[in-house]
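Everything on this sheet refers to the single structure shown next.
Protein chains: 2
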Amino acid sequence: MRVALGQFNPVVGDLAGNAEKMRRLYAEAVRADVDLLAFPELAICGYPPEDLLHKPHFLRDCMRAVERLAAECPDKTVVVGFAEGNAANCHNSAAILQGGRVSHIYRKSLLPNYGVFDERRYFQPGGEPLKISLKDLDVAVTICFDIWNIGWLRSFLRTVGRIQMILNISASPFHTGKVKAREETIGRCAREFNCAVAYCNLVGGQDELIFDGRSMFADSDGVVVAKANAFDEDLIIADVVAADGAVRIKPAQPAAAQPADLIDEIYQALVLGTRDYAQKNGFKRVLLGLSGGIDSALTAAIAVAAVGAENVVGISMPSQFNSPETISDAEKLAKNLGIEFHTIAIGPVLAPFHSSLSVVGGWDSSGIAYENLQARIRGCILMSLSNQFGSLVLTTGNKSETAVGYTTLYGDTAGGFGVIKDVPKTTVYRLAEHVNSTAGHEVIPNGVITRAPSAELRPDQRDSDSLPEYDLLDKVLKGYVEEDKSVTQLVEGGLPSDVVNAVIRLVDRNEYKRRLSPPGIKITPKAFGKDRRLPITNRYRQSQDTS
Amino acid sequence: MRVALGQFNPVVGDLAGNAEKMRRLYAEAVRADVDLLAFPELAICGYPPEDLLHKPHFLRDCMRAVERLAAECPDKTVVVGFAEGNAANCHNSAAILQGGRVSHIYRKSLLPNYGVFDERRYFQPGGEPLKISLKDLDVAVTICFDIWNIGWLRSFLRTVGRIQMILNISASPFHTGKVKAREETIGRCAREFNCAVAYCNLVGGQDELIFDGRSMFADSDGVVVAKANAFDEDLIIADVVAADGAVRIKPAQPAAAQPADLIDEIYQALVLGTRDYAQKNGFKRVLLGLSGGIDSALTAAIAVAAVGAENVVGISMPSQFNSPETISDAEKLAKNLGIEFHTIAIGPVLAPFHSSLSVVGGWDSSGIAYENLQARIRGCILMSLSNQFGSLVLTTGNKSETAVGYTTLYGDTAGGFGVIKDVPKTTVYRLAEHVNSTAGHEVIPNGVITRAPSAELRPDQRDSDSLPEYDLLDKVLKGYVEEDKSVTQLVEGGLPSDVVNAVIRLVDRNEYKRRLSPPGIKITPKAFGKDRRLPITNRYRQSQDTS
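For the record, the sequence lines run as chains A and B.
Everything in the first sequence is counted per this note's numbering, starting at 124 for the first residue and increasing by one.
Everything in the second sequence is counted per this note's numbering, starting at 124 for the first residue and increasing by one.
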């Protein structure tokens, strides 16, 4: 049996456009003479459609799109994910298209409702397994999370008898290193049922989520024999052959290149996420402030890779507090990247702003409000240019500063999309080096990488005046934000208790700033956003002695 | 049996503070010689604690707080809601405190996971009913949603035998008119089981949610005999007496005053929500821009009721486009309210901003970007003053303009809390009249109420240049946003199809602006926020002919 996995990049809600992409892949699969073509979970409508699923007309349109696709793909068996039913009783389903119509439907049975997932908000669980027979093989159809609980799956599939393949259609969001967990799960499944596993994953960016593709085939020994592109569309084809009590996979194509390492993987995720957010939201061009610091430099390099140098505009907005080095590094970076570059000094606006505010007694020019005003003027400039020219403003804050609120609300957080919002500062450095080493020459000026980080909002300011060193900060943040560890656990893990307490306090106090900041690309196991939902109003202050 | 319902206002996460409030109510209940004192759902930690429930140390601290409370309240039976268990297996539970310890635990069985609720994200359902016997009465303990499905409840309570009372501890979020649905549910329950129902609800504001209190007792005929304060704390006490096959309620106190009508109810909700967001987040003072328009006037009046005139600062930020009437009405309003008032003209900042932006070819002073720049300068001024003086910036956008994106991102949307974000413009007018009629004199100047609404960002601008009349707009929005109706349904309901299509397009396109705006108080059945979760990246465009 020849099987194809149609790993494509849908747009949420674009039922006609998604179907058109699938029709093209179907034509390609027909030419390759496949017996079975699978598309990802909720391929018809994109994942996650969220509260679109509460609109009865949306569900009706999904069903119509599936029926139309069935009529247009009559010659092979096609499996496609769609949202089925009505608002009161909706399923995350796979339609089996055969002979021009929907021949069977499988309904996802295990519905994830943790992390970024809200499937119990929308779907009722199925409960009936589905086995289809094609050529001489029996195939169990499953959807995403269904195969992640092997004990449950064993009991669920008990009644279907012998199978030679499990087909799993997925929309599995990316975080760094997650592909390993998927390979292990798929391998375990294959060995448990002594069958092949064909795993078809979504690819593309959807708001804060990245789907990284890497659809794959495993043989009955649990070995992943073929794997599709990472972070790009692909149609991966293999022959599935049962013989001598085993099931073998024979790839019909050479192997796709895979990311070189975890840093390369993150880089590719950020490029895809930026490109898709811009393009799917109708932006051809993007715009960002270039401070001469490493965060905006990395963001600019990612933007160029995502939408092309000709579509990126960098704005330098110096004040009296910027050093000549950072100003010239911003310009050098723009030149290296080949992007449009403008300089708008903020002094001429800052001075009258300051005078105007001085009518309120108590306003002063030496405090944090004056520092933040500079960032807010820059935010105004970028948003004004965005407004005038229709380009998307990329914000440049990293996860470390986002976590502790070392940002100006409606200042440097003003924009449409936070490219590196989930990237810890220590990883920002590694990504910057990756950009330069991949290019084989200095794209991000070395001074940007080696200079001590500073917000440059007052004379001789350094990040280290206000924050612990980033190596230490990022360790605390990983434990507290991503792993929900207590103060005691962090301190027992070797982190200094004064730093731990200070950092946790900052993280807790700054929830409101994060809520009012643009979405950004999730690359860690727990990102700020749908992954981590804390109340703004929250007086829980855990101290070491209570834990 | 004498029963007291301790309707109090917790702060999410403030375990010690919440317990302290409950201890005081316990002392009061002891003085009134009650047999049973109930506190609301999750009273120990506040509702909803969201992802605090993923912290193992938080759950441990909750359990300790319950045990401490039990030890401190040994003389009466106390029922208190808390989060029980560990992150892997957590329950929304009621602890029964008797003799200084936790004598029984009931675990909520029906877990709402729709609208603003995410209980399946956190909790496992219970499955065992709990009946406790006090004096001569048998009482079934339930939590919130458990009593909303009467068919399910009938079967759930089948095994417990005869009961004389159902105790329900709740955290039921407010929307206009919802109390009626609660009374019907409670009445139905009472009649079904021929028993009394004691319903203890939370009160207070928590981010976008308001809990309106109005705890109540119903007799076995389903008649609500006693009801606690709306939008305020209360300890409501009644004797529950079973005789002659019925259960009667004898209130121990005079009846609490209730809101005069639905507009008064909304007004009180907005006042409580504003007060609690400010105070629970540590803000004594609030700050807002006064444009001379009705939205900011109403917001200011609510702010004064919420935190006191001495803690409200109004800023007028006129430009050349503001009429003398609006400028003087802003000042008149501030005087009527007795609040601090400053004028900061934006012209001196707008001019150099414009010159600076002109270095980028194509920038012009006649378009939407220039209009929005004015709003952004105002946002900068307010955020700067907030930064300098530690006051909370209230935004003044209503639901109608928020829905269609008739706002400037990071301009008039810049701030910390959106007081009237869920109030349709037509309701804004009714609330403004309510403010004046309640005061018995003109608080909000009549000119503000009668003048045609305008953003005043260009000469002779009117809202009606860009938007349908608000009466019509609000009808479309109610159908589309709150009721998820299709174009066809709206048009068949009598709304003009060109308006419907234009409005829907605006609502869909402006999801990103709403996501980047501050939280605000939910008063309708479906507010923007946790209630309505649409993707930003979303190409679903339903047209009339496809529905």
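Using N, Cα and C, we set each Cβ at its ideal position, and we do this for glycine too.
Taking a C-beta distance under 8 Å as the contact criterion, B/Arg125 and B/Ile360 qualify as a contact pair. Shown here is that no member of the region 212-233 of chain B has a Cβ falling below 9 Å from a Cβ of chain A. When rounded, the separation of the alpha-carbon atoms in B/Ala492 and A/Leu508 is 8 Å.
Listed along chain B is no residue with a C-beta nearer than 9 Å to that of A/Pro648; the closest approach is about 13 Å. 8 Å or more divides the Cβ of B/Val483 from the Cβ of B/Ile500. A/Met186: member of the alpha helix (DSSP H) spanning 179-195, first to last residue.
When Cβ pairs closer than 8 Å are counted between the two stretches, the region 421-439 of chain A is seen to touch the region 551-562 of chain A, the count reaching three or more. Not a single CB atom of chain B sits nearer than 8 Å to the CB of A/Trp275. Identification of chain B residues near A/Phe512 by a Cβ-Cβ cut-off of 9 Å yields Val483, Gly485, Trp486, Ala492, ordered along the chain.
When rounded, the separation of the alpha-carbon atoms in A/Gly274 and A/Ala353 is 29 Å. Taking the Cα positions, A/Leu160 is about 25 Å away from A/Lys303. Taken through DSSP and simplified to helix, strand or coil, A/Arg285 comes out as coil. In chain order, His214, Ser216, Gly249 place their CB closer than 6 Å to the CB of A/Arg230, counting only its own chain and leaving out the 5 sequence neighbours on each side.
By the Cβ rule, the region 440-456 of chain B does not count as touching the region 446-459 of chain A, because fewer than three pairs are nearer than 8 Å.
Annotation: Cβ neighbours of A/Glu173 in chain B (cutoff 7 Å, chain order): Arg656, Leu657, Pro658. Assignment of A/Ala321 by DSSP, reduced to helix, strand and coil, places it in the strand class.
As the crow flies, the alpha-carbon of B/Phe131 is around 22 Å from that of B/Ile425. Between A/Val516 and A/Gly539, the gap from beta carbon to beta carbon is short of 8 Å. CA-CA distance, A/Ser442 to A/Thr531, rounds to 16 Å.
The continuous alpha helix (DSSP H) containing B/Pro471 extends over residues 470-480.
Taking a Cβ-Cβ threshold of 9 Å, none of the residues of chain B is close to A/Asn132; the smallest such distance is about 12 Å.
B/Gly490 has its alpha-carbon roughly 22 Å from the corresponding atom of B/Val626. DSSP places B/Cys267 outside any alpha helix (DSSP H), giving it a letter other than H or E. As DSSP reads the structure, A/Leu332 sits in a beta bridge with A/Gln329. The Cβ atoms of B/Leu220 and B/Val203 sit closer than 8 Å to each other. Of the candidates B/Leu480, B/Lys608, B/Ala429, the residue whose Cα lies closest to the Cα of A/Met440 is B/Leu480. Contact between the region 612-622 of chain B and the region 582-599 of chain B is established, with three or more Cβ pairs separated by less than 8 Å. In summary, B/Lys548 is buried, with 16 or more beta-carbon neighbours lying within 10 Å of its beta-carbon over all protein chains present.
Within chain B, the residues whose beta carbon sits less than 9 Å from that of A/Met506 are Ala492, Asn495, Leu496, Arg499, Thr531, Leu532, Tyr533, Gly534, listed in sequence order. Considering only B/Lys373, B/Ala526, B/Ala392, B/Ser640, the residue with the shortest C-alpha distance to B/Pro382 is B/Ala392. Using a Cβ-Cβ distance cut-off of 8 Å, the region 339-347 of chain B and the region 305-325 of chain B are in contact, since at least three pairs of beta carbons, one from each stretch, lie closer than that value. Positions of the alpha helix (DSSP H) runs, each at least 4 residues long and wholly inside the region 563-594 of chain B, are given as 569-573, 586-589 in order along the chain.
Taking 8 Å as the cut-off, the beta carbon of B/Gly541 is found closer than this to the beta carbon of B/Ser640. With contacts defined as CB atoms closer than 8 Å, B/Val623 and B/Val604 fail to qualify as a contacting pair. By the C-beta density criterion, B/Pro133 is buried, having at least 16 other C-beta atoms within 10 angstroms.
Taking a Cβ-Cβ cut-off of 8 Å, the neighbours of A/His465 in chain B comprise Val482, Val483, given in sequence order.
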